[in-house]
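> In the numbering used here, the protein residues as written are 408 to 539.
Got a structure for you, written out below as C-alpha cells; questions coming shortly.
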C-alpha cells in the first residue's frame with residue numbers, strides 16, 4: 408500500500424511510500440553527520456599541514472560514494488573508507504560509520520578503526536591508525 412508523502416528535503420518534493428521516505432531521511436541524517444566529521448578532519452589536517460608543510464597549499468580530503476563504502480581520497484591516494492552499511496568485511500563485523508584503513512585503491516582492510524558517529528574513530532594526518 409502506497410501513501411503519498413510530500414517532504415521538503417533540500418528544496419525537492421519527494422513522493423513515495425512511507426518506508427522509502429523514512430529510509431531517505433535516515434540516509435540524509437547519516438550524510439549530515441558524515442559531512443560534519445569530514446569538515447572536522449579537514450580542519451585538523453590543515454592545521455597539521457600548515458605547521459609542517461607551509462611551502463605547498465593544503466588539499467582537503469574528497470569523498471567518493473560507492474555501494475557499501477565512502478572512499479576518502481587525499482590528492483592521488485586513498486586515505487580511508489567509511490562504511491555505509493551494517494554487515495561483514497572479510498568475516499569481521501562492521502557497522503554504519505566505521506572508519507576503515509585502505510587495503511588498496513578499491514577495498515578497505517579488515518577491522519574497523521573506530522566509528523565516526525560514536526566518537527571512537529582513531530586517525531592521524533596520514534589516515535586511520537594501525538590496530539594496537
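Cβ coordinates follow ideal geometry from the N, Cα and C atoms, glycine included.
1. Would you give the residue range spanned by the beta strand (DSSP E) that residue 580 belongs to?
2. Starting from residue 494 and walking both ways along the beta strand (DSSP E), at which residues does that stretch end?
3. Starting from residue 530, follow its DSSP beta bridges and name the residues at the other end.
4. Whether or not the segment 489–506 and the segment 457–465 are in contact is what I'm after, with contact meaning three or more pairs of Cβ atoms, one per stretch, closer than 8 angstroms; do they touch?
5. Give the secondary structure of residue 478 by DSSP, where H, G and I count as helix, E and B as strand, and everything else as coil.
6. Looking at the secondary structure, which residues open and close the beta strand (DSSP E) in which residue 488 lies?
7. Using DSSP with H/G/I as helix, E/B as strand and the rest coil, what is residue 440?
8. Should the segment 471–485 be regarded as contacting the segment 506–516, the criterion being three or more beta carbon pairs within less than 8 angstroms?
9. So what does DSSP say about residue 446, is it helix, strand or coil?
The relevant details are as follows:
1. The question about residue 580 has no answer, for the chain in this structure spans 408 to 539.
2. Run containing residue 494: 494–496, per the beta strand (DSSP E) assignment.
3. 535
4. Counting Cβ pairs under 8 angstroms, fewer than three are found: no touch.
5. strand
6. 484–490
7. helix
8. yes
9. helix
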